Amino acid sequence: MKKIDYELNEIKYFLVERGFKSVSIEGNGIYAYKELPTRRFCICVDLIMRDSELKAKVSVTFVPNRLGEAFNFIHQEKVDVFPSNSQSTEKWVVRLQDTESLREKLYPVIDECQSWVESCSFAERQKYLRENFHVAGSGQLWHIAALAVEEDIATLHEYISNIEKTNRGGLLPYITMDMLNRAIDFHWKYPNE
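In the working numbering, the protein residues as written are 13 to 205.
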């Protein structure tokens, strides 16, 4: 077994011990998902081996639970994918020499990432998603989920009107009328507590 494979398995066991779910190894990276009381987040640890140095880069993505619930309700699939708000900083890059262990250097960084996610305010993030319509990938669906959470029914009705027209008002083809109707229904079926 190569050193990098051994280290990935060690990280996997550590994450499982910490309550992470859907822990998977893909290439030289490991991905895990964790549900917290008010938010959920995904952590990614990428390992790079150069000479005798192992570099681990940690990044996290996160979303408030209610926004994730809206996304899943509208999309009609449970996904563990989050909007592009990945946070990765140099302080979350760990370099290990041969004699150093992941337990000593990387694991405290993973715990720090979770603490950071737990302390974040989501008001700005939700505002960003609500205000940014032209975002690549699943960005428009996250935008619609943010509108649903904030009960911006007028904008959702405007989008329905745009779909009924031929130009779709800038909505991407994957955004369907059913999705928009589910976004409107979200606050009725899942009232804010």
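Each residue gets a CB set at the ideal place from its N, CA and C atoms; glycine is no exception.
None of the values given here were measured: they were computed from a predicted structure.
Smallest Cα separation from residue i: which of the options?
i: Y119; options: A82, K201, E19; result: E19
i: I23; options: L114, H199, C125; result: L114
i: R51; options: G80, H169, R194; result: G80
i: F145; options: H87, E163, L168; result: L168
i: V129; options: D190, E170, L183, C54; result: C54
i: A158; options: H87, L59, N179, Y186; result: H87
i: S64; options: L108, R30, C125; result: L108
i: G31; options: R137, E143, E47, E38; result: E47
i: V57; options: N21, A148, F85, A160; result: N21
i: S150; options: L184, V161, K177, C125; result: L184
i: K139; options: I37, C125, V161; result: V161
i: L66; options: I16, E89, S36, V35; result: I16
i: S8; options: I60, P49, Y186, R180; result: One cannot answer for residue 8 here, as it falls past the ends of the chain, which runs 13 to 205.
i: I60; options: V35, S34, K33, K14; result: K14
i: A166; options: D197, E29, Y186, P203; result: D197
Secondary structure at residue i, three-state DSSP: helix, strand or coil?
i: L48; result: coil
i: S173; result: helix
i: I156; result: helix
i: Y140; result: helix
i: G41; result: strand
i: D58; result: strand
i: F85; result: helix
i: F53; result: strand
i: L79; result: helix
i: L184; result: coil
Alpha helix (DSSP H) containing residue i: first to last residue?
i: S131; result: 114-131
i: S105; result: Reading off the sequence, residue 105 comes out as Val, not Ser. Careful: V105 lies outside any alpha helix (DSSP H), inside the beta strand (DSSP E) at 105-108.
i: D190; result: 189-201
i: I145; result: What sits at residue 145 in the sequence shown is Phe, not Ile. Looking at the DSSP string, F145 is not in any alpha helix (DSSP H), and its letter there is neither H nor E.
i: Y25; result: 15-29
Ordered along the chain, which non-local residues of its own chain (more than five positions away) have a Cβ less than 6 Å from that of residue i?
i: W104; result: V70, V121
i: E163; result: H199
i: M189; result: I175
i: M191; result: I86
With respect to the beta strand (DSSP E) encompassing residue i, which residues constitute its N-terminal and C-terminal limits?
i: E65; result: 65-76
i: I37; result: 33-38
So, at 7 Å on beta carbons, what are the nonlocal neighbours of residue i in its own chain, with the 5 sequence-adjacent residues on each side left out?
i: F83; result: L153, W154, A157
i: K117; result: V106, L108
i: E124; result: none
i: I37; result: L20, K24
Under 8 Å Cβ to Cβ from residue i, same chain only, skipping five residues before and after it: list those, please.
i: K201; result: F85
i: R142; result: H155, A158, L159, E162, D164
Contact the segment 127-134 vs the segment 38-45: 3+ CB pairs below 8 Å: Result no; under three Cβ-Cβ pairs closer than 8 Å.
Please determine if the segment 140-156 and the segment 75-92 are in contact, where contact requires at least 3 C-beta pairs separated by less than 8 Å. At 8 Å Cβ cutoff, the stretches touch.
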